[in-house]
Every structure is written in structure tokens, then in C-alpha cells.
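Report on one structure; see the data block that follows.
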Amino acid sequence: MSATSFSSLDLDPVLLNAIEQNNYTTPTAIQIKTIPPILAGNDVMGSAQTGTGKTAAFVLPLLHKLLNSAKKDEPGIARVVILTPTRELAQQVFASFEKYAQGTDIKGALAYGGASIGPQIKALKTAQVIVATPGRLLDHIVKGSVVLSSVDSLVFDEADRMLDMGFIDEIKRILRHIPCDRQTLLFSATFDDSVFELSKKLLKDPELIEVDKRNSAAVEVEQVIYAVDEDRKRELVSHMIGMKNWRQVLIFTRTKQMADKLAKEMCKDGLKTESIHGDKSQGARDRALHNFKEGSTRVLVATDVAARGLDIPALKYVINFELPYIAEDYVHRIGRTGRAGEQGLAMSLVSLDEQWLLEEIEVLLDTRLAPQWLEGYEPDLNKPPKDNRKNTNKARKDRDKKRITGQRAPNRRRK
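In this text, residue positions in the sequence shown follow my numbering: the first is 4, and each later residue adds one.
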């Protein structure tokens, strides 16, 4: 199906007016493919890179259905539930809902942990659309502050991350309170076996919609790999940011401890840096993100969970200080840049210990990512690896040394 304008998607005039007021003129690929089946009442399983208009792809048709429902004049009855894995993503989705719901009488409520529950209870009393994290929504169900027996549309946004974060038990408990004859929409940046297994349990004859090649990186993102010793990574990062005068750099680490440590060390290098992770209060995370967006903080160091759902317009630089243990997280990380058609750069620093992680990423992407050497920061191939979990035999060690020197590794593709 092709569409050159939102009006060709048969959306309510009120929504078309809101779209125009927000200066959107042409629907994106995910919107063109997703809006019609949602309007038709079908279950949908969709995948698209971040920054492609995915949120509007489900918010707009769900608002249209509410506006044209025989029950549209029933305030305070929850009709739509949108579940997200993190507070940040919930805030982002709710902001999108408010943007498109302007000019309508549709009320919404935002519910997530780390915030006062009182105002949420008040908002839920009049809400037809609920955007929530699983844990906090379950809290409201237990307290009796929300009734979901009239919900006819349920959305799982970034379902892969929900599974990674262990929300499956909360999801099962929430489903007991929502009618089975509902429309269910599941969106995920990556599709793995666990996501497909979840879809089999939740969706009925869903339409599978994929805008890009499955588990792929956005074409707008240039991926650069530098081979470097573990103990010289921080020095290389500060050198690159300073030498190239990069502004607004998002750096990923695997642990909260490393995020804090790296932020402190980079501040000593003269780069204003803050960190965000799950142990930080919501207020501290919001302040750090605000400072980063406003430019008073040059570098933001984040863990995967904390950064998921962050909406940072025109972010150009992402650095993987440590490669993730889960290959799909690499796609999520670099998806923070190259959004909405803008060009972005994703730089990964890879030590000899991490060659096996790079190989897993290559398998997922079905792409060769050749490490480069930067003069003055060449890795010492004679240095013994610190982590021997994946380097327990000589053959692997020899292969990894070839990888880090840029030599081609044996091809291995996921079956």
C-alpha cells in the first residue's frame, strides 16, 4: 500500500488537524503499513527502528477508533492500555498521545514507578487511555484504583525489552484483568524466539509488519569499530570527543558502577559528564537528561535499561564503551542516533576480551564489522585477557587476535 498523505489513511479530521498543527505532512513507512490494519481491528506484530514514527503508528489509529466508537462519551472507562518497559519510554509515548489528542475530549493517564501514586490515581479516574509500566499498573490493579474490564485495545511497546527486564510475570497478572476479545498490538525493535513465543500467546492471527530487514541497524547510522586495550578505552573516548569537538555524546556501559566511574573520570578530563541508571532517582535522571538536551552536559553515560526509550532529537554520536552481552541490545543502543532520517555515528570500543561479543553482533546483523586501529591507541596483542569465559582454548584466542588486527574471521551465520 502506498500513501502520500495522512488524509489518504482515513483518519478522523480532528486527528488530521492535530497532525498538521505538529507540522507533519507525510506518513512514514511504518505508519503507512500499520495504521490500516489497526483501523480494521486486526492484531499487529510490528518492527521498526527507533525514530521512524512507530509511536504515532499505533497512537493515531487507536485515537481514531475511540473518536468513532459508540462508547466515546463514557469518560473514566479505560479503553486503551499501552505498556512500556521503562518510565522514560512511558513519558515519551504519553507525550505523543497528548500531542495527537489535542482538540478531543479523550483523557489519558500516565503511571510509572518512582513517582507519587496519588496524582496517578486521580488521573486514572477519568482516563480512557492508560500508558504505564507493568509494575506500576499492577500496583493500581491491586489497590483497586483502575478497572480494566472494558479495555478493547492493548499495546506492548518494546516487547523485547519487557522480556529482557523480566516483566513476564507482571504481564500475565495484568492479562487476567483484561478481556480476551481485545485487539492486541505488539511492537519490538528486534524479533527473537522469546518475542515470537510471547506473540503466540497474546495475539490472534496477527499481521506481521516489518519496515526494515529484521534485527538490522538503520542505514543512516555509520558503524565504526576501534580495537583498543580495556585500560585505554576512557583515554581514547576523551581523545575522540575532544579532538573532533563532538557535542551531545551518549555512551553506553554494561553496569551502573562503570557508568558512574566513567562519568567521574571524564569530568576529570574536562568533559562535563553525567550518568543515568536504575539506581538513580527519577528526579536525578530527569535532570541529567534535561541538562544533556539543553547542552550544559556534553556527555551522558547510560546503562541499557536507563537509556531505553530516551528521545533525544538530532543525537549524532553514540559510543559503546563496552559491548553488550545481548547482541540485540547493540541494535537498541545505536538506534538512539540516525533517527528520523538524520545521519548518525555509532562508535564501539572493542578489547580482545570482547571479540566474541562482536562476533555475536555480526551474526545478528549478518554484517561484517571490521575493527580499526587508531594511531597511538593500538592494542597490545600480547597482553593476557582479563575475562577467559569465552577464551578458554587456543584456537579461539588465535582467532580473536586475527579479528582485532582486522583479518577476516571465519563466517558463522545463525541457523
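Every residue, glycine too, gets a C-beta built ideally from N, C-alpha and C.
Please say whether residue j and residue i have beta carbons closer to each other than 8 angstroms?
i    : j    : result
A104 : L127 : no
T276 : V302 : yes
I177 : P137 : yes
F194 : S50  : yes
K36  : I212 : yes
S354 : D232 : yes
A93  : V154 : no
T306 : T256 : yes
K296 : H280 : no
P382 : A230 : yes
I41  : L69  : no
V308 : T89  : yes
I174 : I254 : no
L372 : L384 : no
V262 : S241 : The residue you asked about is not Val; residue 262 is Ala in the sequence shown. Their beta carbons are not under 8 angstroms apart, which means A262 does not touch S241 by this criterion.
M48  : L206 : yes
K247 : F324 : no
Run through the DSSP bridge pairs and tell me what residue i is partnered with.
i    : result
T187 : L157
E213 : S50
S350 : One point to set straight first is that residue 350 is Met, not Ser, in the sequence displayed. According to DSSP, M350 bridges with V227 and I322.
Q375 : Y229
G298 : In the DSSP output, where bridge partners are listed per residue, G298 has none listed.
F194 : F194 pairs with nothing; no bridge assigned.
S278 : V304
L86  : A135 and F159
L239 : BP columns for L239 are empty, so no partner.
F255 : A305 and N323
G111 : V132
Pop quiz: residue i and residue j are said to be a contact at Cβ under 8 angstroms. What is the actual Cβ separation, rounded to whole angstroms?
i    : j    : result
M168 : F159 : Not a contact, Cβ separation roughly 13 angstroms.
D46  : P182 : That belief does not hold up - the Cβ atoms of D46 and P182 are roughly 14 angstroms apart, past 8 angstroms.
F190 : A162 : 7 angstroms
L63  : I38  : 6 angstroms
S99  : A59  : 6 angstroms
L265 : V227 : About 19 angstroms separates the two Cβ atoms, so there is no contact after all.
V17  : T129 : Not a contact, Cβ separation roughly 19 angstroms.
V83  : S148 : The Cβ separation is near 17 angstroms, so there is no contact.
Q95  : D332 : So it is not a contact: roughly 19 angstroms between Cβ atoms.
A118 : Q285 : 6 angstroms
The ligand PLP and residue i: does any heavy atom of the ligand fall closer than 7 angstroms to the residue's C-beta?
i    : result
I212 : Only the bare structure without any ligand can be found here, which leaves the ligand PLP out of the picture.
Around the C-beta of residue i, are 16 or more other C-beta atoms found within 10 angstroms, so that it is buried, or is it exposed?
i    : result
F9   : buried
T28  : exposed
N71  : exposed
G338 : buried
P374 : buried
Q24  : exposed
H293 : exposed
A73  : exposed
E378 : exposed
T87  : buried
K31  : Before going further, note that residue 31 is Thr rather than Lys in the sequence given. Its Cβ being crowded by 16 or more others within 10 Å, T31 is buried.
K418 : The pLDDT assigned to K418 is 38, lower than 50, so where the model puts this residue is not dependable, and the model offers no usable value.
A291 : buried
I407 : Model confidence at I407 stands at a pLDDT of 46, short of 50, so the residue's coordinates are unreliable and nothing is read from them.
R342 : buried
R336 : buried
Rounding to the nearest angstrom, what Cα-Cα distance links residue i and residue j in this structure?
i    : j    : result
M243 : V334 : 22 angstroms
L188 : Q131 : 17 angstroms
G347 : I364 : 19 angstroms
D272 : R185 : 54 angstroms
D356 : E268 : 22 angstroms
A81  : G56  : 25 angstroms
L19  : Y328 : 43 angstroms
L140 : K283 : 21 angstroms
K125 : I144 : 14 angstroms
V366 : W359 : 11 angstroms
E223 : G298 : 23 angstroms
Y380 : A192 : 34 angstroms
G116 : D142 : 9 angstroms
F97  : F61  : 12 angstroms
L326 : K146 : 41 angstroms
G121 : A330 : 39 angstroms
D15  : L66  : 9 angstroms
D289 : G44  : 37 angstroms
T370 : V252 : 25 angstroms
S202 : H180 : 18 angstroms
D196 : A349 : 27 angstroms
A114 : E91  : 11 angstroms
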